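A quick write-up on the structure given underneath.
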Amino acid sequence: MRKKIGLLLLFLTVGFMQLPAKKIDVYGYSDFMFSYWETAKGTEKYGFSQNRTNVLLASEVFKKWDFFVNVEFTGQLRMQAVGSVDETGIFRSDDWIVTTESKVELEEAWTRFTLSDKLVIKAGSFYASFGRFNVDQDISPNYITVRPPMIYDDAFRSKNPVGIIPDKANLEVQGSFTGSTFTAQYHLYLGNSMPNRLYDENLEPGLSWGTRLLFNFDENLKIGFSSYFDKVVHDKHYNEDFLWLDGVIKERRSLFSLDVDYTFGRFNLNGEYIWNRNESEREDVDEFTRTFFYINGSAEIASKLRLYAEFDQYRDNFHNDRLRTFLGNGINKVILGLNFKPNWVTAIKAEVQHYFFNDSTMPVDFPGQDYTNSYTAFMASLSIVF
Amino acid sequence: MKSNSFCLFLLTGCLVLTSVLWGDVYIISNSSTRINSISKKELKQIFLGEMNRWKDGSKIKIVDNLDKKTAENFYSKYVGKKTARIKQIWIKKMLRGKMSPPESLKYNDDIVDYVSNKKHCIGFVSGKKAPKGVKVLKVTE
Numbered sequence: 396m397r398k399k400i401g402l403l404l405l406f407l408t409v410g411f412m413q414l415p416a417k418k419i420d421v422y423g424y425s426d427f428m429f430s431y432w433e434t435a436k437g438t439e440k441y442g443f444s445q446n447r448t449n450v451l452l453a454s455e456v457f458k459k460w461d462f463f464v465n466v467e468f469t470g471q472l473r474m475q476a477v478g479s480v481d482e483t484g485i486f487r488s489d490d491w492i493v494t495t496e497s498k499v500e501l502e503e504a505w506t507r508f509t510l511s512d513k514l515v516i517k518a519g520s521f522y523a524s525f526g527r528f529n530v531d532q533d534i535s536p537n538y539i540t541v542r543p544p545m546i547y548d549d550a551f552r553s554k555n556p557v558g559i560i561p562d563k564a565n566l567e568v569q570g571s572f573t574g575s576t577f578t579a580q581y582h583l584y585l586g587n588s589m590p591n592r593l594y595d596e597n598l599e600p601g602l603s604w605g606t607r608l609l610f611n612f613d614e615n616l617k618i619g620f621s622s623y624f625d626k627v628v629h630d631k632h633y634n635e636d637f638l639w640l641d642g643v644i645k646e647r648r649s650l651f652s653l654d655v656d657y658t659f660g661r662f663n664l665n666g667e668y669i670w671n672r673n674e675s676e677r678e679d680v681d682e683f684t685r686t687f688f689y690i691n692g693s694a695e696i697a698s699k700l701r702l703y704a705e706f707d708q709y710r711d712n713f714h715n716d717r718l719r720t721f722l723g724n725g726i727n728k729v730i731l732g733l734n735f736k737p738n739w740v741t742a743i744k745a746e747v748q749h750y751f752f753n754d755s756t757m758p759v760d761f762p763g764q765d766y767t768n769s770y771t772a773f774m775a776s777l778s779i780v781f
Numbered sequence: 374m375k376s377n378s379f380c381l382f383l384l385t386g387c388l389v390l391t392s393v394l395w396g397d398v399y400i401i402s403n404s405s406t407r408i409n410s411i412s413k414k415e416l417k418q419i420f421l422g423e424m425n426r427w428k429d430g431s432k433i434k435i436v437d438n439l440d441k442k443t444a445e446n447f448y449s450k451y452v453g454k455k456t457a458r459i460k461q462i463w464i465k466k467m468l469r470g471k472m473s474p475p476e477s478l479k480y481n482d483d484i485v486d487y488v489s490n491k492k493h494c495i496g497f498v499s500g501k502k503a504p505k506g507v508k509v510l511k512v513t514e
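Just so you know, the sequences run in chain order A and B.
For what it's worth, my numbering labels the leading residue of the first sequence as 396, then goes sequentially.
For what it's worth, my numbering labels the leading residue of the second sequence as 374, then goes sequentially.
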């Protein structure tokens, strides 16, 4: 991966050296996070992380032709208390596990040709324009909460076997039309679906495509509609009798979303509903439906300080599918938090999150964690735009 | 009745005095822009990051005024939003590659100097007299 990034950066550097000298805007943002998780077994996890620093490069190469590169640097220091619960029920920590992890990733690299406001062609690698947060999924200054709504978090992205949200697109036609009271933006895009290569590295991705239409009424009311279609390819899978199926399984995935964002005075209300259906081409694999919605409300309670609350709900019908039941057929999340912006480039956020699962009889194994049917987390972050 | 008239007179006087002392807001652009006037709607679209190009296709460069009063006056009058909200909108668009980060300067002279030297640039300043060396755009409805 690092080799690929190196080669791309070399290509970009050499490429741009050949072009007439143009000013390149270099800017970005940095995230620092603290999180604390309570766990079922009496252990607790907490850690500081330099969650990410994204460096963005943008410039106009020629008239109407510009480019954008987004490189992400991440580093994490995680501490986990290890111990046991004594006879009085109090957790006694006797050791700490400290882990560090850092990586560099090329998040996006695209070029854009603007024929007019109504017709813009974008090519490269970029987040698919789906829903309200997919293009903002890691841009913390762009959302009020510490993390975006649950459905946009890592566990639900397409690169995971249970992924819902589309990952990247490669070619897009977009544009905007201005009416007397609103602006309408459209996006039509193509990309590669992400194969779930559990065992077979040679699985080829299929074609994906999607649309987004956004009506923007003076930045106070925004209504968006999104759709996305691709073919998900699995190489291993369980059927309803927990039998290991051989061969490649292809599923047609359809996604639809409706999102609304309304600002009135000191208040903001926003939400989104996402519907997903996967239909397999094989008869021995069940089709399934998943739904998700969130509602977020916030109010400016003092100068530069907002109080927010959010409810997220995910539901699926994987009653017998062991590959996918890790969320107990559904998960709910409630958040209460504060967002303080001392100036326009800094945001300090702190929130309490409570998760509870829909079906307490199902086994729950939240990625990398060991929780039971409900748990609470505390998260705080500092975001700085530079 | 008399006291009401007196209050109204006093209020008008204060407003006039404030305007005289503080001056007007002038919309200025580089001489490379092929316009002499701009509509309120276009001005709003430019400063909301929705209109990124002039009619000849060249990219619009914005320079922001860091003087609080001038900015508040300009954004409430022409964009209809508070300065803080405008900057939130900019941040969102900048980080998505939808607009370039605007240059921000505090003093009128620096802004006039910047706009006069920067092609396709637009900005705003306050003052009692119209600035020289740049185009002062007439704002139409």
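Backbone N, C-alpha and C fix where the C-beta goes; we use that ideal spot for every residue, glycine too.
Quick caveat: nothing in here was measured; it's all calculated off a predicted structure.
Item: Which residues of the segment 454-472 of chain A have a Cβ closer than 7 Å to any Cβ of chain B? Give them in chain order.; Value: 455, 458, 459, 463
Item: CB residue 726 of chain A to CB residue 777 of chain A, shorter than 8 Å?; Value: no
Item: Quick check: the segment 439-455 of chain B against the segment 447-466 of chain A, are there 3 or more CB pairs under 8 Å?; Value: no
Item: Quick check: the Cα distance between residue 672 of chain A and residue 627 of chain A, rounded to an integer number of angstroms?; Value: 11 Å
Item: Excluding sequence positions up to five away, which residues of its chain have a Cβ less than 6 Å from the Cβ of residue 616 of chain A?; Value: 657
Item: Answer yes or no: do residue 538 of chain A and residue 529 of chain A have a C-beta to C-beta separation smaller than 8 Å?; Value: no
Item: Does DSSP put residue 413 of chain B in a helix, a strand or coil?; Value: helix
Item: Thinking just about the alpha-carbon of each residue, which of A:427, A:747, A:572 is nearest to the one in residue 443 of chain A?; Value: A:427
Item: Give, in chain order, every residue of the segment 426-442 of chain B whose Cβ lies closer than 8 Å to some Cβ of chain A.; Value: 426, 430, 431, 432
Item: Using a Cβ-Cβ cut-off of 8 Å (strictly less than) and excluding sequence neighbours within five positions of residue 429 of chain B, which residues of its own chain qualify?; Value: 407
Item: For residue 408 of chain B, which three-state DSSP category applies?; Value: coil
Item: With DSSP collapsed to three states, give me the class of residue 496 of chain A.; Value: strand
Item: For residue 514 of chain A and residue 507 of chain A, I'd like the C-alpha separation in whole angstroms.; Value: 11 Å
Item: Going by CA-CA distance only, name the one from A:692, A:709, A:674 that's closest to residue 686 of chain A.; Value: A:709
Item: In chain order, what residues of the same chain lie with their CB nearer than 8 Å to the CB of residue 487 of chain B, ignoring the 5 residues before and after it?; Value: 436, 476, 478, 494, 496
Item: Rounded to whole angstroms, what is the Cα-Cα separation between residue 470 of chain A and residue 498 of chain A?; Value: 7 Å
Item: Got a sec: which bits of the segment 524-537 of chain A sit with their beta carbon under 9 Å from any beta carbon on chain B, in order along the chain?; Value: 530, 531, 534, 536, 537
Item: Mind the definition here: the segment 571-584 of chain A touches the segment 727-739 of chain A only if three or more C-beta pairs lie below 8 Å; say whether that holds.; Value: no
Item: Closer than 7 Å by beta-carbon distance: list the chain B residues that pair up with residue 578 of chain A, in chain order.; Value: 423
Item: Please classify residue 503 of chain B as buried or exposed, where buried requires at least 16 neighbouring CB atoms within 10 angstroms.; Value: exposed
Item: What does the Cβ neighbour count give for residue 510 of chain A, buried or exposed, with the cut at 16 atoms within 10 Å?; Value: exposed
Item: Taking the continuous alpha helix (DSSP H) assigned at residue 515 of chain B, which residues delimit it?; Value: Because residue 515 of chain B is not part of the residues shown, which for chain B are 374 to 514, the question remains open.
Item: When you compare the CB positions of residue 510 of chain B and residue 401 of chain B, do they come within less than 8 Å of one another, or not?; Value: yes
Item: Which word fits residue 623 of chain A, buried or exposed, when buried means at least 16 other C-beta atoms lie within 10 angstroms of its C-beta?; Value: buried
Item: Can you tell me whether DSSP reads residue 459 of chain A as helix, strand or coil?; Value: coil
Item: By the 10 Å Cβ neighbour count, where 16 or more other Cβ atoms means buried, how is residue 582 of chain A classified, buried or exposed?; Value: buried
Item: Determine the closest residue to residue 534 of chain A out of A:688, A:465, A:496, with distance taken between C-alpha atoms.; Value: A:465
Item: Can you tell me which of the three DSSP states residue 511 of chain B falls into?; Value: strand
Item: Please list, in chain order, the chain A residues whose beta carbon lies closer than 7 Å to that of residue 460 of chain B.; Value: 739
Item: Closest to residue 669 of chain A by C-alpha separation, out of A:566, A:677, A:619, A:643, would be which residue?; Value: A:619
Item: Does residue 473 of chain B have its Cβ less than 8 Å from a Cβ in chain A?; Value: yes
Item: Just to confirm before moving on: does the CB-CB distance between residue 425 of chain B and residue 432 of chain B stay below 8 Å?; Value: yes
Item: Report the neighbours of residue 479 of chain B on chain A: residues whose CB is nearer than 8 Å to its CB, in chain order.; Value: By Cβ distance, chain A contributes nothing, its closest Cβ being about 15 Å from residue 479 of chain B, past 8 Å.
Item: Mind checking if residue 470 of chain B is an interface residue toward chain A, Cβ cutoff 8 Å exclusive?; Value: yes
Item: Here's the rule I'm using: 16 or more other beta-carbon atoms within 10 Å means buried, otherwise exposed. How should residue 450 of chain B be labelled?; Value: exposed
Item: How many whole angstroms separate the CB atoms of residue 704 of chain A and residue 731 of chain A, which I take to be in contact at a CB cut-off of 8 Å?; Value: 5 Å
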